[in-house]
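Protein sequence lines, in the order shown, are assigned to chains A and B. Position 2, counted from 1, in the first sequence is what my numbering calls 2; the numbers after and before it change by one each time, with no gaps. Add 1000 to a position in the second sequence, counting from 1, and you land on the number used in my numbering.
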Amino acid sequence: ETGVTQSPTHLIKTRGQQVTLRCSSQSGHNTVSWYQQALGQGPQFIFQYYREEENGRGNFPPRFSGLQFPNYSSELNVNALELDDSALYLCASSSADGELFFGEGSRLTVL
Amino acid sequence: GDSVTQMEGPVTLSEEAFLTINCTYTATGYPSLFWYVQYPGEGLQLLLKATKADDKGSNKGFEATYRKETTSFHLEKGSVQVSDSAVYFCALRQGAQKLVFGQGTRLTINP
């Protein structure tokens, strides 16, 4: 059974650019959620997808968007990057109301 | 809204010392409570959980008891090891909704 995998592990962008982060969920999981962890802070919920539909969103602007695919993998897209978007982005997969399993994250640096 | 407050860190102890990391929460309803651990350069791993009042979660020598009367879920370990050095996050979850995390406590164990 493979765990949650995220890509890329590290990336550097400049202000105004766009970024796409990817997540492969654990086998058998149909729910994916994304969290932003700024340096020295706890993770903050961005949104959650269940069977390809967004079913929960945190306090993030619309330039943060996502997709979930039929195989339950997911993407997080961030447009018009700002310096404050620099963070570790964590993906977690689960069954509908089960335990969350986290990937190792994608560390984004915005210059 | 729901929130989690952890004791301020960082915490530095000697090997074999007793550990307590305080966690209190504010929530409507009856959330499940969690402790996650994050080792350097890695994602989050579930350490232990409790789903109802007076439940005790335990794993790898760590324990925490769900105290509804004091809205607390303090993490304890009787004898810490160097390998326990990490960042520890207390979190709550209402049903299948998002995890709400505390700000994290960095623990360093010296030999």
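Each residue gets a CB set at the ideal place from its N, CA and C atoms; glycine is no exception. This structure is a prediction, so every number in the text was calculated from the model and none was measured.
Using 9 Å as the limit for Cβ to Cβ distance, is residue i near chain E?
{"i": "F101 of chain A", "result": "The displayed structure is made up of protein chains A and B, and chain E is not among them."}
Below 8 Å CB to CB, which residues in the same chain sit around residue i once its five sequence neighbours on both sides are set aside?
{"i": "P1010 of chain B", "result": "T1105, R1106, L1107 and T1108"}
{"i": "T14 of chain A", "result": "L81, V110 and L111"}
{"i": "D1002 of chain B", "result": "Y1025, T1026, A1027, T1028, P1031, L1092, Q1094 and V1100"}
{"i": "Y49 of chain A", "result": "T31, V32, S33, N55, G66, L67, Q68 and S74"}
{"i": "S1114 of chain B", "result": "There is no way to answer for residue 1114 of chain B, as the model of chain B reaches only from 1001 to 1111."}
{"i": "G58 of chain A", "result": "Q44, F45, I46 and F47"}
Specify, as a first and last residue, the run of the beta strand (DSSP E) that residue i falls within.
{"i": "S1102 of chain B", "result": "Note on residue identity: the sequence assigns Gly, not Ser, to residue 1102 of chain B. Looking at the DSSP string, G1102 of chain B is not in any beta strand (DSSP E), and its letter there is neither H nor E."}
{"i": "Q26 of chain A", "result": "No beta strand (DSSP E) contains Q26 of chain A, which DSSP labels as neither H nor E."}
{"i": "S73 of chain A", "result": "Unbroken run through S73 of chain A: none, as it is neither H nor E."}
{"i": "F1034 of chain B", "result": "S1032 to Q1038"}
{"i": "Q1097 of chain B", "result": "Element bounds for Q1097 of chain B: n/a, residue is neither H nor E."}
{"i": "N55 of chain A", "result": "E53 to R57"}
Per the DSSP calculation, residue i is bridged to which residue(s)?
{"i": "A92 of chain A", "result": "A:S33 and A:F102"}
{"i": "H10 of chain A", "result": "A:R107"}
{"i": "R1067 of chain B", "result": "B:S1072"}
{"i": "V1011 of chain B", "result": "B:L1107"}
{"i": "I120 of chain A", "result": "Outside the shown range of chain A (1 to 111) lies residue 120 of chain A, about which nothing can therefore be said."}
{"i": "G1043 of chain B", "result": "Bridge partners of G1043 of chain B: none, in fact."}
{"i": "T1024 of chain B", "result": "B:T1005 and B:S1072"}
{"i": "F1114 of chain B", "result": "Because chain B is modelled from 1001 through 1111, residue 1114 of chain B falls outside the range shown and cannot be assessed."}
{"i": "L1019 of chain B", "result": "B:K1077"}
{"i": "L1048 of chain B", "result": "B:W1035"}
Mapping the DSSP letters down to three states, classify residue i as helix, strand or coil.
{"i": "V19 of chain A", "result": "strand"}
{"i": "S1083 of chain B", "result": "helix"}
{"i": "L83 of chain A", "result": "helix"}
{"i": "A1053 of chain B", "result": "coil"}
{"i": "G66 of chain A", "result": "strand"}
{"i": "F1062 of chain B", "result": "strand"}
Keeping to the same chain, check which residues put their C-beta closer than 7 Å to that of residue i; ignore five residues upstream and five downstream.
{"i": "R51 of chain A", "result": "N30"}
{"i": "D85 of chain A", "result": "V78, L108 and V110"}
{"i": "T1051 of chain B", "result": "S1032"}
{"i": "A38 of chain A", "result": "A87"}
{"i": "S1085 of chain B", "result": "L1107, T1108 and I1109"}
{"i": "V1004 of chain B", "result": "C1023, Y1025, C1090, A1091, L1092, V1100, F1101 and G1102"}
{"i": "I12 of chain A", "result": "T109 and L111"}
{"i": "Q1081 of chain B", "result": "E1015 and I1109"}
{"i": "A1017 of chain B", "result": "V1080"}
Considering only residues of the same chain and omitting the five flanking positions on each side of residue i, which have a CB-CB separation below 6 Å?
{"i": "K1077 of chain B", "result": "L1019, G1061 and F1062"}
{"i": "S7 of chain A", "result": "R22"}
{"i": "F1034 of chain B", "result": "K1049 and A1091"}
{"i": "R107 of chain A", "result": "H10 and L88"}
{"i": "L100 of chain A", "result": "A92 and S94"}
{"i": "D1055 of chain B", "result": "Y1066"}
{"i": "L83 of chain A", "result": "V110"}
{"i": "S1014 of chain B", "result": "N1110"}
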